[in-house]
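Participant: Below is a structure I'd like to ask you about.
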Amino acid sequence: MYVRRSLTGLALLGLIAGCAPAQSGPAGAGGDEKTGTVRVWLFDEANRAPKEEAVKEAITEFKAAHSGVEIDVQWIPVEGRADKFSGAFNDPANAPDVAEFGNTDVASYVAAGAFSDLTADLQSWKEGADLLPTVLDTAKVNGKVYGLPWYTGIRALYYRTDVFTELGLKPPTSLSELTATARQIRAAKPDLYGISVGGKYTYAMLPFLWASGGDIAKQEGDKWTSALGTPEAKAGVQAYADLIKPDICPPEQCANLTGTQSVQAFSGGKAAMTIGGDFNHKAVEQGDVKGKYAVVPLPGTQPGSIAPAFAGGNLLGTFAASKKHGLALEFIELLGGAKYQEKMYTAMGNLPTLSSVQQKVATADPFLKPFVDTLKAGTKFVPSTPAWSKIDAQGVLPTAVQQVATGGQNVDTALSAATEQMNKAFG
Amino acid sequence: MSTQQLLPPAVAAPPAKPLRRRRRDGRAAVLYLAPAAILLAALLAYPIYQLVLISFFDYGQPQAAGTAPLVFIGFENYAQLLENATFWTVLAKTVGFAGACVIGSLFVGTSLAILATRVRSLPRMLLFLAALGAWATPAMAGSYVWLFLFDTDFGLVNEILVGIGFDGMAHHSWTYGTFSAFGLVAAEVIWCSFPFVMVTMYAGIQAIDTEVLEAASLDGASWFLIAKSVILPMLRPLLMIATIQSIIWDFKVFTQIYVMTNGGGVAGRNLVLNVYAYQQAFAGSEYGLGAAIGVVMTLLLLSITGLYVRSQRRSDAWL
Chain A
10 MYVRRSLTGL
20 ALLGLIAGCA
30 PAQSGPAGAG
40 GDEKTGTVRV
50 WLFDEANRAP
60 KEEAVKEAIT
70 EFKAAHSGVE
80 IDVQWIPVEG
90 RADKFSGAFN
100 DPANAPDVAE
110 FGNTDVASYV
120 AAGAFSDLTA
130 DLQSWKEGAD
140 LLPTVLDTAK
150 VNGKVYGLPW
160 YTGIRALYYR
170 TDVFTELGLK
180 PPTSLSELTA
190 TARQIRAAKP
200 DLYGISVGGK
210 YTYAMLPFLW
220 ASGGDIAKQE
230 GDKWTSALGT
240 PEAKAGVQAY
250 ADLIKPDICP
260 PEQCANLTGT
270 QSVQAFSGGK
280 AAMTIGGDFN
290 HKAVEQGDVK
300 GKYAVVPLPG
310 TQPGSIAPAF
320 AGGNLLGTFA
330 ASKKHGLALE
340 FIELLGGAKY
350 QEKMYTAMGN
360 LPTLSSVQQK
370 VATADPFLKP
380 FVDTLKAGTK
390 FVPSTPAWSK
400 IDAQGVLPTA
410 VQQVATGGQN
420 VDTALSAATE
430 QMNKAFG
Chain B
1448 MSTQQLLPPA
1458 VAAPPAKPLR
1468 RRRRDGRAAV
1478 LYLAPAAILL
1488 AALLAYPIYQ
1498 LVLISFFDYG
1508 QPQAAGTAPL
1518 VFIGFENYAQ
1528 LLENATFWTV
1538 LAKTVGFAGA
1548 CVIGSLFVGT
1558 SLAILATRVR
1568 SLPRMLLFLA
1578 ALGAWATPAM
1588 AGSYVWLFLF
1598 DTDFGLVNEI
1608 LVGIGFDGMA
1618 HHSWTYGTFS
1628 AFGLVAAEVI
1638 WCSFPFVMVT
1648 MYAGIQAIDT
1658 EVLEAASLDG
1668 ASWFLIAKSV
1678 ILPMLRPLLM
1688 IATIQSIIWD
1698 FKVFTQIYVM
1708 TNGGGVAGRN
1718 LVLNVYAYQQ
1728 AFAGSEYGLG
1738 AAIGVVMTLL
1748 LLSITGLYVR
1758 SQRRSDAWL
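So, in structure tokens, the structure goes:
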């Protein structure tokens, strides 16, 4: 009797306690303290040591200019970033002051209200005018800038010079030529993939989609709708999926490859071509194919054209709830400034976002030419809406590509399912 | 029958004190139960309450961070889930996969437990060491070890198969086909979950009084009849625990599928419910939908185990 009564009481209490799920309070307005510790989150990377070295140098310089200021850097694994950032958004008191983040995540992070609007700050920054406009666009949500572009990632076509010479081939000048060349290589050398690309390598697929005249989604006013149902988009996805076939890159091995894995297959000597970024340079150099490869821009559908590349890259932002806004801003302006962009390029091979620095390093290093050419030919970006993070996490595009590649579904059915899923996410 | 005969005298106890006594018992019971009740309320009831609540809201990252208003949407998350064809496919695959894992680990575990009671102490010790090794291996490490063994290009299994004459197995991908991938993951899951069944069943078999078995064989029962009519009924409570544990574990498999099929296989054909929930809801910050999947899963598991327990209570005959 007592037990039951007290249990009912407890249950009632619980109900009265509140009928809404827990929410953390909105982030405070922040402050502008001039001393103390500035907490910084940077991405951990496979070969972090040189990056850490460059960052340490920047910290020493920063500390020399600001007495009573400490910089505490935490290295965030890229794969686990979603949890880390969600945690920071839910608990602003323990969030860092500065964070590095991918430009595809910016829209959803901004929707969570976490990052401060840097539009005015970057306009008054003396190096701000030097930022490449196309790159700066990837840091914008609804016309406002939420991050300082730290470096750009552009992908192009890596190919094996030894294999091409042996078979008397030339680097392809159009996408259809690329497919034919890849097929020819695998026929001659069954141990090699004609080109290593994967079903989960969305950023290699997108240039095919864009080059064919298609797009991921269209924006009308505030409303996004999927554009995957167009004949152009279908042609692009089909062209990419045709590479994941037994006569080029067998689906048994390639259907589930991610970008990193595709590049690994190339650097391990298992593929004659791959689509890789400027940021993959170091990894390929450390592989078996060192000295036996070259890079050209990924061609478009017309001979001699360049396919629009995905404008990937990372930004440096300051948290809205930061108690040290001024210091945080000064620190990202130092780290994202010309001096440290160049140092970061030397350390990691990251393509700078300041046009003067980019020009300087590109003239000094011919390896960068195809990437800079691709960048100049025009890049494209994923829809800048919070829904994109969801679409990305749900693997909508990889699933469609895999369905087409494995012959499970034809391109019409696969893309109409993807369209439906995307539109649901856009809301 | 015998209990009924015993009951009347107990009820006919002196009628003077029972009320006060029961009251004191009640108070003592509350005191004794309080620590467990508080723990359960804090660690189970409250989270479940929040889970159910969140499932009725449009609850994403902005809502969690408190920057967007909460919108009560009733059963919309559930409707969205239930009308999604993928959810049903994934659910069916999960049930099939978990069923195979449960049957597999019960069969392997029980067989090895019987084997353990019939061998001498050294081989038994080796068997237990091997089983405990598998048991102690973290799911993540175990999954990778199995992946390496079955790797397309460098895997030991393919190498051995080619070595003994199966040339077709060179560069065979074990994780590509839907069934092949599920089979491989199921084998890994069974490998790391049979030791629990084995240890439980072994303890159960050892606890059976040898006199009972001797009596049965003196009565002329065959070995098969002893196993069927004496040993198994005595093991039934333990077998039930092992089965329920296995159902719950195998229904909730996440790590093995996530790691071994690279997040759900080609085009998501190896998704199970937990990985699906993670991919659809949590990675995409759709916590409301994720909570709805969680609630559905909890209800499913409760009803499956509930039905199982009831069927075990009802059926008198074993097998």
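Respectively, the protein sequence lines represent chains A and B. All residue numbers for the first sequence refer to this note's numbering, where the first residue is 10 and numbers rise by one. All residue numbers for the second sequence refer to this note's numbering, where the first residue is 1448 and numbers rise by one. Glycine included, C-beta positions come from ideal geometry on N, C-alpha and C. Note that the structure is predicted; figures quoted are calculated from it, not measured.
1. How would you list, in chain order, the residues of chain A whose beta-carbon sits under 7 Å from the beta-carbon of Val1742 (chain B)?
2. I'd like to know if the region 355-374 of chain A and the region 74-82 of chain A are in contact, where contact means that at least 3 CB-CB pairs between them fall below 8 Å.
3. Give me the DSSP bridge partner(s) of Ser205 (chain A).
4. Just checking: is the beta-carbon of Ala26 (chain A) within a distance shorter than 7 Å of some beta-carbon in chain B?
5. Taking Cβ-Cβ distances below 8 Å as the criterion, which residues of the region 1649-1665 of chain B are in contact with chain A?
6. Starting from the C-beta of Val1636 (chain B), find all residues in its chain whose C-beta is less than 7 Å away, skip the five residues before and the five after it, and write them out in chain order.
7. Can you name, in chain order, every residue of its own chain whose Cβ lies under 6 Å from the Cβ of Leu176 (chain A), other than the five neighbours on each side?
8. I want to check one thing, is the minimum distance from the CB of Gly207 (chain A) to the heavy atoms of the ligand ADP below 6 Å?
9. Express the C-alpha separation of Thr1657 (chain B) and Val1706 (chain B) in angstroms, rounding to a whole number.
10. How is Gln1527 (chain B) classed by DSSP in three states: helix, strand or coil?
11. What is the residue span of the beta strand (DSSP E) that Asp81 (chain A) lies within?
12. Leaving out five residues on either side along the sequence, give the residues of the same chain with a beta carbon under 6 Å from the beta carbon of Asp342 (chain A).
13. Under a Cβ-count criterion, where at least 16 other Cβ atoms within 10 Å of its own Cβ denotes burial, should Pro1455 (chain B) be classed as buried or exposed?
14. Counting contacts by CB-CB distance shorter than 7 Å, is Gln411 (chain A) in contact with chain B?
15. Does the region 1671-1685 of chain B touch the region 165-181 of chain A, meaning 3 or more C-beta pairs lie closer than 8 Å?
16. Tell me, which residues are paired with Gly313 (chain A) by DSSP?
17. Residues of the region 1590-1601 of chain B in Cβ contact with chain A at a cutoff of 9 Å, in chain order, please.
18. Candidates A:Pro395, A:Thr143, A:Ala329, A:Ile225: which alpha carbon is nearest Asn103 (chain A)'s?
19. Compare the C-alpha of Ala250 (chain A) against each of A:Glu62, A:Thr161, A:Leu215, A:Pro392 and name the closest.
20. Any C-beta of chain B within less than 7 Å: which residues of the region 388-416 of chain A qualify?
21. Please check the pair Leu1736 (chain B) and Ala1728 (chain B), which I expect to be a contact at CB under 8 Å, by giving their CB distance rounded to whole angstroms.
22. The beta strand (DSSP E) that contains Asn323 (chain A), what's its start and end?
23. Tell me Leu439 (chain A)'s beta-bridge partners as DSSP assigns them.
24. Do Tyr202 (chain A) and Gly268 (chain A) have their CB atoms nearer than 7 Å?
25. Between Trp1638 (chain B) and Ala1581 (chain B), is the Cβ-Cβ spacing less than 7 Å?
26. Report yes if the C-beta distance between Asp92 (chain A) and Thr46 (chain A) is below 7 Å; otherwise report no.
27. List the residues of chain A that Gly1731 (chain B) touches, going by C-beta distances under 7 Å, in chain order.
28. Look at the alpha carbon of Leu1490 (chain B) and the alpha carbon of Leu1478 (chain B), and state the distance between them as a whole number of angstroms.
29. Measuring CB atoms only, is the region 176-187 of chain A touching the region 272-279 of chain A, in the sense that at least three cross pairs come out at less than 8 Å?
30. Going by the CB atoms, is the gap between Gln1527 (chain B) and Pro30 (chain A) shorter than 7 Å?
31. Along the chain, where does the beta strand (DSSP E) containing Gly45 (chain A) start, and where does it finish?
32. Quick check on Leu363 (chain A): does DSSP put it in helix, strand or coil?
33. For Tyr118 (chain A), collect the residues of the same chain with a Cβ closer than 7 Å to its Cβ; drop the 5 residues on either side in sequence, then sort them by chain order.
34. To which residues does DSSP link Asp1505 (chain B) through a beta bridge?
Facilitator: Quick answer:
1. Within 7 Å Cβ-Cβ: nothing; Val1742 (chain B) doesn't reach chain A, min ~13 Å.
2. Three or more beta-carbon pairs separated by less than 8 Å are not found between the region 355-374 of chain A and the region 74-82 of chain A, which leaves the two stretches without contact.
3. A:Thr283
4. Residue placement at Ala26 (chain A) is poorly supported in this model, since its pLDDT is 46, which falls under 50; the coordinates still yield a value, given next. Closer than 7 Å: no.
5. none
6. Cys1548, Asp1697, Val1700, Gln1703
7. Ala197
8. The ligand ADP is not part of this structure, which contains no ligands at all.
9. If I take the Cα positions, the gap works out to 46 Å.
10. Looking at Gln1527 (chain B) - three-state DSSP - the assignment turns out to be helix.
11. 78-86
12. One detail in the question is off: residue 342 (chain A) reads as Glu in this sequence, not Asp. So the qualifying residues of the chain are Trp134.
13. The predicted position of Pro1455 (chain B) is uncertain, since its pLDDT is 43 and thus under 50; a value taken from the coordinates is nonetheless stated next. That one is exposed.
14. yes
15. No, because fewer than three Cβ pairs between the region 165-181 of chain A and the region 1671-1685 of chain B fall closer than 8 Å, the two stretches do not touch.
16. Its beta-bridge partners do not exist; DSSP assigns none.
17. Thr1599, Asp1600
18. A:Ala329
19. For Ala250 (chain A), the nearest C-alpha among the options comes from A:Leu215.
20. Ser398, Lys399, Ala402, Gln403, Gly404, Thr408, Gln411, Gln412, Thr415
21. 5 Å
22. Asn323 (chain A) -> beta strand (DSSP E) spans 321-327.
23. Residue 439 (chain A) lies beyond the stretch modelled for chain A, which goes from 10 to 436, so this question has no answer here.
24. no
25. yes
26. no
27. Chain order gives the chain A residues near Gly1731 (chain B) as Ser398, Lys399, Ala402, Gln403, where near means a beta carbon separation below 7 Å.
28. Cα-Cα distance, rounded: 19 Å.
29. The answer is no - the region 272-279 of chain A does not touch the region 176-187 of chain A, with fewer than three Cβ pairs under 8 Å.
30. no
31. Run containing Gly45 (chain A): 45-53, per the beta strand (DSSP E) assignment.
32. Residue state, collapsed to three classes: strand.
33. Excluding sequence neighbours, Tyr118 (chain A) sits near Phe94, Phe110, Phe124.
34. Beta-bridge partners assigned by DSSP to Asp1505 (chain B): B:Val1518.
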